[in-house]
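Numbering (our numbering), first residue to last: 5 to 356.
We treat Cβ as the ideally placed atom computed from N, Cα and C, and that holds for glycine.
Note that this is a predicted model, so its numbers are computed, not measured.
For reference, the structure discussed in these notes is given below.
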Amino acid sequence: MMKIRWFFAAFFAASLAACSKAGSSAVPASAPTATLTAIPSPTSAPFVLLMAPDSPKPESQQLAVKAVESFCTQKGLALKRITPGNTVPGDYLQDAPSLVAAIGTGLGQAVYAAAQAHPEIRFVAVEESGVQPLPNLLLIGGENVRLDQVAFLAGVLATVENRNEYVGWIGQSGTVSGTIYRNSFVHGVRYTCPRCRLFDFELDPSADAQAGISAAGELQSDYVDTASAVPGAAGDAALTDLAKRGIRVAGTQPGFYLSLFGGGSGDGSKYVLGGPAFRPDLLLADLLPRYLGGEKFTDAVAYSLENHSLEYASFPNDWISSGRQVYLQQIISELASGRLDIGVDPKTGVET
């Protein structure tokens, strides 16, 4: 037993000596030492951050919200929805969401800045202004709309059931968008009613509601049967006034039946022919899986007939017969396929 104890004691002493000798010949004290930095990791399970008003007014934004919610359900992703303030909340971004979806927040520039500052996070902006696409920022709608198609369809709608071949238009002078609207509307009128006579008022971009009402009075004195107008203070007032006078109107902006005529409760609502509708939900259902799968979109995605995100809203009254509705859908199909050319440059409004 004594020999065994002596053996272990000797072995232990020799080991300490070896360690001491090795330590004395290690890296000099003045040598720099490495500092290990922990790699940050998400503090929560994968989730989607949805920024949208509590009650989005445009139907298109309501559809977009539902599309994001449906995507989360299908992919098993948690959804965190917040009402936007003045900025994109940084504490949520620190948790590394799989996607940040901003829908009609009015914070386009803040969303753009957040996407620039967080290239590792994917963003999608629906109907936001002041935004440019980035490798990690998918942009849908907003300022990106095929106005030529919207106006052409308004021209078709204003003439497909016209009873006296007199059509009115209230436009906007001196702007590119005004040129696109005007020339495209004219081509729509000519396509369905070559013999129709157009009564055209081009107002200054700063024209107010009273100017629009005055122009509407002029159109009434010209005995127009149907009319349309560029969206804005003057155009909106003109269409409202015309409808009150019993003149049927075609819209050039989505949701105008709701915003201008209370969805049927306002004066003149029974004289609304119809208008366009935007479908961001169809775009999101197609693009989100591809986007989160790694596909990059270098250009903004515009509302257009080609990608089926632009269509006629449901007709609120009985002015357009079922047969004419089929005809209108055929025109949309022809435009979407490229077999029918509007004849207007979609970027400049110049006739081609």
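Bridge partner(s) assigned by DSSP for residue i
| i | result |
| --- | --- |
| Trp173 | Asp204, Ser232 |
| Ala281 | Glu315 |
| Phe51 | Ala82 |
| Leu97 | According to DSSP, which records beta bridges pairwise, Leu97 is partnered with nothing at all. |
| Leu141 | Phe127, Leu138 |
Whole-number beta carbon distance between residue j and residue i, since they are thought to touch under 8 Å
| i | j | result |
| --- | --- | --- |
| Asn187 | Val72 | Their Cβ separation, rounded to whole angstroms, is 36 Å, which puts Asn187 and Val72 out of contact at 8 Å. |
| Ala55 | Thr109 | Going by the sequence as given, residue 55 is Met instead of Ala. That belief holds up - the Cβ atoms of Met55 and Thr109 are roughly 5 Å apart, short of 8 Å. |
| Leu309 | Leu339 | 5 Å |
| Ala233 | Ile184 | Ala233 to Ile184, Cβ: 14 Å. No contact. |
| Leu53 | Lys84 | 5 Å |
| Pro209 | Gly172 | Not confirmed; about 19 Å, so no contact. |
| Ala289 | Val149 | The pair is not a contact, with the Cβ atoms about 19 Å apart (cut-off 8 Å). |
| Val104 | Phe127 | 5 Å |
| Asp240 | Leu264 | 6 Å |
| Pro320 | Gly268 | 6 Å |
| Ala238 | Ala215 | 5 Å |
| Leu67 | Pro284 | 6 Å |
| His191 | Ile346 | 6 Å |
| Tyr261 | Gly279 | 6 Å |
| Leu138 | Ala119 | 5 Å |
| Asp229 | Arg252 | 7 Å |
| Leu292 | Phe75 | 5 Å |
Terminal residues of the alpha helix (DSSP H) in which residue i lies
| i | result |
| --- | --- |
| Lys84 | Not the alpha helix (DSSP H): Lys84 falls in the beta strand (DSSP E), residues 82 to 86. |
| Ile107 | Ile107 -> not in any alpha helix (DSSP H); beta strand (DSSP E) instead, spanning 103 to 107. |
| Ile251 | Taken as a continuous stretch (DSSP letters only), Ile251 belongs to no alpha helix (DSSP H), as it is neither H nor E. |
| Gly110 | That residue, Gly110, is in no alpha helix (DSSP H); it is neither H nor E in DSSP. |
| Val72 | 63 to 79 |
| Ala220 | 213 to 225 |
| Leu264 | 260 to 265 |
| Leu161 | 151 to 163 |
| Asp322 | First-last for Asp322: undefined, no H or E at that position. |
Helix, strand or coil at residue i according to DSSP, with G and I counted as helix
| i | result |
| --- | --- |
| Asn187 | helix |
| Arg343 | coil |
| Lys351 | coil |
| Gly146 | strand |
| Leu314 | strand |
| Tyr275 | helix |
| Pro198 | coil |
| Phe301 | coil |
| Ala35 | For Ala35, the predicted model reports a pLDDT of 37, less than 50, meaning its position is unreliable and no value from the coordinates is stated. |
| Leu291 | helix |
| Ala306 | strand |
| Ile336 | helix |
| Thr2 | As displayed, the chain neither begins before 5 nor continues past 356, which places residue 2 out of reach and without an answer. |
| Ser326 | helix |
| Ala242 | helix |
| Ser181 | helix |
| Ala237 | helix |
| Ala121 | helix |
| Gly270 | coil |
| Thr356 | coil |
Opening and closing residue of the beta strand (DSSP E) in which residue i lies
| i | result |
| --- | --- |
| Val128 | 127 to 130 |
Open item on the list: Closer than 8 Å is the cut-off here; do at least three beta carbon pairs connect the stretch 121 to 138 with the stretch 56 to 67?
Closed with: yes
Task: the stretch 312 to 327 / the stretch 94 to 110 touching (three or more Cβ pairs under 8 Å) - done: no
TODO: Please confirm if the stretch 188 to 206 is in contact with the stretch 159 to 166, defined as three or more CB-CB distances below 8 Å between the two stretches.
DONE: yes
- [ ] May I ask you to verify whether the stretch 139 to 147 touches the stretch 204 to 216, counting CB pairs closer than 8 Å and requiring at least 3?
- [x] No, the stretch 139 to 147 is not in contact with the stretch 204 to 216.
- [ ] Could you tell me whether the stretch 322 to 331 touches the stretch 292 to 301, using the rule of 3 or more Cβ pairs below 8 Å?
- [x] Verdict: no, contact absent.
Open item on the list: Is it the case that the stretch 236 to 246 contacts the stretch 260 to 272, given that we only count it when at least three CB pairs across the two stretches are under 8 Å?
Closed with: yes
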